[in-house]
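Protein chains in written order, with the working numbering: chain A, 2 to 217; chain B, 2 to 217.
Notes follow the structure.
2 protein chains.
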Amino acid sequence: MPNTLSPSELSAALAWRYATKKFDTRRLPASAWEALAASLVLAPSSFGLQPWRFLVVENPQLRARLREHSWNQSQVTDASHLVVFLRRASTGEAEVNRHIARIGEVRGVPLEKLEAYRQLMVANVAQGKSAEVQREWAARQVYIALGQFMAAAAAMGIDTCPLEGIDPARYDEILGLAGSGHETVVACAAGYRAADDAYAQAAKVRYPAGEVLRTV
Amino acid sequence: MPNTLSPSELSAALAWRYATKKFDTRRLPASAWEALAASLVLAPSSFGLQPWRFLVVENPQLRARLREHSWNQSQVTDASHLVVFLRRASTGEAEVNRHIARIGEVRGVPLEKLEAYRQLMVANVAQGKSAEVQREWAARQVYIALGQFMAAAAAMGIDTCPLEGIDPARYDEILGLAGSGHETVVACAAGYRAADDAYAQAAKVRYPAGEVLRTV
């Protein structure tokens with residue numbers, strides 16, 4: 002088993018995390034970014050179907066244009082990294098087959114042995130969900146990746162800010178996503194908090210644990 | 002800043018994680034469970050509105066009944082802990098006001114100073130989203146908590162298995178959620194992998210990073 006955090010270290014890291022309002026200009030080291038990128042690629046998803054793509058926006062002009070459609074939040078332009086989380090617009094039998102082919106390739110399993118699993122995914126996802134339900138299903142998977150990304154960053158002492166206050170349709174336009182089969186769902190900035198971000202000191206507001214978390 | 006994982010330690014922890022198919026019967030230490038519970042309570046959400054609740058199912062009879070509506074997956078009964086993730090069915094002005102009152106209480110801020118923020122949330126969430134969009138919005142927030150929960154567990158060397166193959170309506174019935182204003186979205190088991198879970202050794206299947214993750 003790899004090195005891990007103790008329970009108290011983990012809790013402290015998650016309590017340290019907050020939605021950073023003001024980033025400073027320091028760039029994440031390459032190794033830290035690589036681990037964050039791995040947290041996206043390795044994120045769990047339904048059946049492992051990975052109905053997503055992650056766009057890392059480095060171009061400052063693009064960042065400036067995206068900021069205009071993000072309630073003008075400074076994190077979009079100022080954070081070390083900006084990730085736009087895309088969902089795959091649809092998962093048909095072709096996408097299921099591609100996933101099956103990838104399983105066969107990575108694990109060295111003959112496709113015949115994966116046929117029952119293939120049929121399960123076709124029935125449950127490709128044919129079993131309406132187009133609209135499928136889009137929401139894909140968005141939910143994207144949010145798993147978002148949650149893993151922010152928790153992974155906190156476990157490394159890296160700051161993030163989730164950005165839901167964005168205009169997905171304008172993001173799609175600016176990022177040229179028409180025809181890509183993918184569409185913007187949410188974004189997240191990552192980097193380092195500015196020393197003068199007052200929100201870093203604000204007490205975390207949560208309902209009492211006994212209300213939110215119950216045992217039956 | 003709290004103790005953290007290095008980038009290589011974090012990547013190793015996330016690569017070590019997999020959707021555990023077979024748990025052994027060891028119980029998580031109380032300290033580990035407390036940290037996992039904190040990962041739920043502390044999860045980020047839109048405007049901090051926390052449109053969720055987390056049910057920890059300890060009762061073995063309940064677990065057995067839930068398993069019948071979970072594709073008979075053994076994780077439901079065998080894992081140390083089983084968490085059912087609930088969304089709040091609706092977030093109206095009353096819930097916004099309750100959140101504002103909590104901010105005022107935790108941070109010692111007079112409510113007048115929070116009025117603009119209150120109005121923003123009322124306009125954007127309570128009135129700005131249809132009932133259907135709001136339910137999906139709440140489900141997405143729940144998935145942030147799910148992603149954080151699984152990543153937090155991995156960072157501590159604890160195993161999890163997300164359970165989307167469940168029947169939410171039957172879960173609601175079995176857990177007596179009618180009238181609670183909350184409804185089942187997804188579940189997750191946590192504990193320790195069994196030594197003979199063959200899936201623990203299987204190569205992780207992901208599309209190539211260069212395909213899933215792109216820089217612009």
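Cβ atoms here follow ideal geometry from the backbone N, Cα and C, with glycine treated the same way.
Note that the structure is predicted; figures quoted are calculated from it, not measured.
Legend entry - Neighbour-count burial assignment, Gln62/B, 16 or more Cβ in a 10 Å radius: By the neighbour-count rule (16 or more Cβ atoms within 10 Å), Gln62/B is not buried but exposed.
Inset, instruction - Could you spell out where the beta strand (DSSP E) holding His100/B opens and where it closes? - result: Element bounds for His100/B: not the beta strand (DSSP E) but the alpha helix (DSSP H), 94–108.
Inset, instruction - State the beta-bridge partners of His82/B as determined by DSSP. - result: For His82/B, the beta-bridge partners assigned by DSSP are Ala191/B.
Legend entry - Among Glu113/B, Ser91/B, Lys130/B, Thr78/B, the one whose alpha carbon lies nearest that of Gly180/B: Measuring from the Cα of Gly180/B, the nearest candidate turns out to be Ser91/B.
Inset, instruction - Name the two residues that bound the continuous alpha helix (DSSP H) containing Arg27/B. - result: Here Arg27/B belongs to no alpha helix (DSSP H), and DSSP marks it neither H nor E.
Inset, instruction - Pick out whichever of Arg27/B, Gln120/B, His70/B, Phe86/B has its Cα sitting closest to the Cα of Met151/B. - result: Just measuring C-alpha positions, the residue of Arg27/B, Gln120/B, His70/B, Phe86/B sitting nearest Met151/B is Phe86/B.
Inset, instruction - Would you list the residues sitting across from Leu214/A in a DSSP beta bridge? - result: Leu214/A is bridged to Phe55/B.
Inset, instruction - Specify, as a first and last residue, the run of the alpha helix (DSSP H) that Pro111/A falls within. - result: Bounds of any alpha helix (DSSP H) do not take in Pro111/A, whose DSSP letter is neither H nor E.
Inset, instruction - Establish whether the CB of Gly129/B and some CB of chain A are separated by less than 9 Å. - result: Judged by the 9 Å Cβ criterion, Gly129/B is not in contact with chain A.
Inset, instruction - Starting from Leu147/B, follow the beta strand (DSSP E) in both directions and report where the run begins and ends. - result: Taken as a continuous stretch (DSSP letters only), Leu147/B belongs to no beta strand (DSSP E), being part of the alpha helix (DSSP H) at 132–156.
Inset, instruction - Using only alpha-carbon positions, find the residue among Gly211/A, Ala201/A, Ala139/A, Pro163/A that is nearest to Gln149/B. - result: For Gln149/B, the closest of Gly211/A, Ala201/A, Ala139/A, Pro163/A by C-alpha to C-alpha distance is Pro163/A.
Legend entry - Same chain only: Cβ atoms within 7 Å of His70/A, ignoring 5 sequence neighbours per side: Result list for His70/A: Ile167, Asp168, Arg171, Tyr172, in chain order.
Inset, instruction - With DSSP as the reference, label Val186/A as helix, strand or coil. - result: In the structure shown, Val186/A adopts extended strand secondary structure according to DSSP, grouped into three states.
Inset, instruction - Confirm, please, whether the CB-CB distance from Ala155/B to Leu83/B is below 9 Å. - result: In this structure, Leu83/B lies away from Ala155/B, with their beta-carbon atoms at least 9 Å apart.
Legend entry - Proximity to Met2/B [Cα-Cα], best of Thr5/A, Pro52/A, Arg136/A, Asp160/A: Nearest of Thr5/A, Pro52/A, Arg136/A, Asp160/A to Met2/B, Cα basis: Asp160/A.
Legend entry - Contact set between the segment 150–184 of chain A and chain B, restricted to residues whose Cβ is under 7 Å from the partner: Within the segment 150–184 of chain A, the residues whose Cβ lies closer than 7 Å to some Cβ of chain B are Met151, Ala152, Ala153, Ala156, Met157, Gly158, Pro163, Glu165, Leu176, listed in chain order.
Inset, instruction - Would you be able to state if there are at least three C-beta pairs under 8 Å between the segment 25–32 of chain B and the segment 186–205 of chain B? - result: Pairwise C-beta distances place the segment 186–205 of chain B in contact with the segment 25–32 of chain B, as three or more of them are shorter than 8 Å.
Inset, instruction - Report the option in Asn4/B, Thr21/B, Trp34/B whose CA atom is closest to the CA atom of Leu214/A. - result: If we check each option's Cα against that of Leu214/A, Trp34/B comes out closest.
Inset, instruction - Check Pro8/A in the structure and name its three-state DSSP category. - result: Three-state DSSP puts Pro8/A in a helix.
Inset, instruction - Out of Glu133/B, Glu165/B, Ala203/B, Thr78/B, state which residue places its alpha-carbon closest to the alpha-carbon of Thr185/B. - result: Distance check between Thr185/B and each of Glu133/B, Glu165/B, Ala203/B, Thr78/B places Glu165/B closest, using alpha-carbon atoms only.
Inset, instruction - Determine the closest residue to Glu116/A out of Ile101/A, Arg66/A, Leu147/A, Asn73/A, with distance taken between C-alpha atoms. - result: Here the closest residue by C-alpha is Ile101/A.
Legend entry - Pro30/B and Glu96/B closer than 9 Å at C-beta: For Pro30/B and Glu96/B, no; Cβs fall outside 9 Å.
Inset, instruction - Report buried or exposed for Val42/A, applying the criterion of at least 16 other Cβ atoms within 10 angstroms of its Cβ. - result: Answer is buried; the Cβ neighbour count reaches 16.
Inset, instruction - Would you please verify whether the beta carbon of Met2/B is less than 9 Å from any beta carbon of chain A? - result: At least one CB of chain A lies nearer than 9 Å to the CB of Met2/B.
Inset, instruction - Check the DSSP bridge columns for Thr161/B and list the partner residues they point to. - result: Ala20/B, Ala191/B, per the DSSP bridge assignment.
Inset, instruction - Rank Thr78/B, Trp72/B, Val126/B by C-alpha distance to the C-alpha of Asn98/B and give the top, closest one. - result: The residue among Thr78/B, Trp72/B, Val126/B with its C-alpha nearest the C-alpha of Asn98/B is Val126/B.
Legend entry - Spatial distance of Ser81/A from Ala14/A (CA atoms): Taken atom to atom, the span from the alpha-carbon of Ser81/A to that of Ala14/A is near 20 Å.
Inset, instruction - Tell me where the alpha helix (DSSP H) around Leu50/A begins and ends. - result: Taken as a continuous stretch (DSSP letters only), Leu50/A belongs to no alpha helix (DSSP H), as it is neither H nor E.
Legend entry - Presumed contact (8 Å Cβ cut-off) between Ala140/B and Arg141/A, rounded CB distance: The beta carbons of Ala140/B and Arg141/A sit about 6 Å from each other, so the pair counts as a contact at 8 Å.
Legend entry - Whole-number beta carbon distance between Ala38/B and Ala210/A, since they are thought to touch under 8 Å: Between Ala38/B and Ala210/A the Cβ distance is about 7 Å, and since that is below 8 Å, they are a contact.
Legend entry - Contact list for the segment 5–16 of chain B against chain A, Cβ threshold 9 Å: The segment 5–16 of chain B vs chain A, Cβ under 9 Å: Thr5, Leu6, Ser7, Pro8, Ser9, Glu10, Leu11, Ser12, Ala13, Ala14, Leu15, Ala16.
Inset, instruction - Quickly, what does DSSP pair Leu87/B with across the bridge? List them, please. - result: Leu87/B is bridged to Arg54/B, Thr185/B.
Inset, instruction - Report all residues from its chain with a CB closer than 6 Å to the CB of Val143/B; omit the five preceding and five following residues, and keep chain order. - result: Taken in chain order, the residues that qualify are Trp53, Phe86, Arg88, Val186.
Inset, instruction - Give me the Cα-Cα distance between Leu6/A and Gly158/B, rounded to the nearest whole angstrom. - result: Approximately 8 Å between the Cα atoms of the pair.
Inset, instruction - Take Gly177/B as the anchor and find which of Ala199/B, Arg66/B, Glu212/B has the nearest alpha-carbon. - result: Of the listed residues, the one whose Cα sits closest to Gly177/B is Arg66/B.
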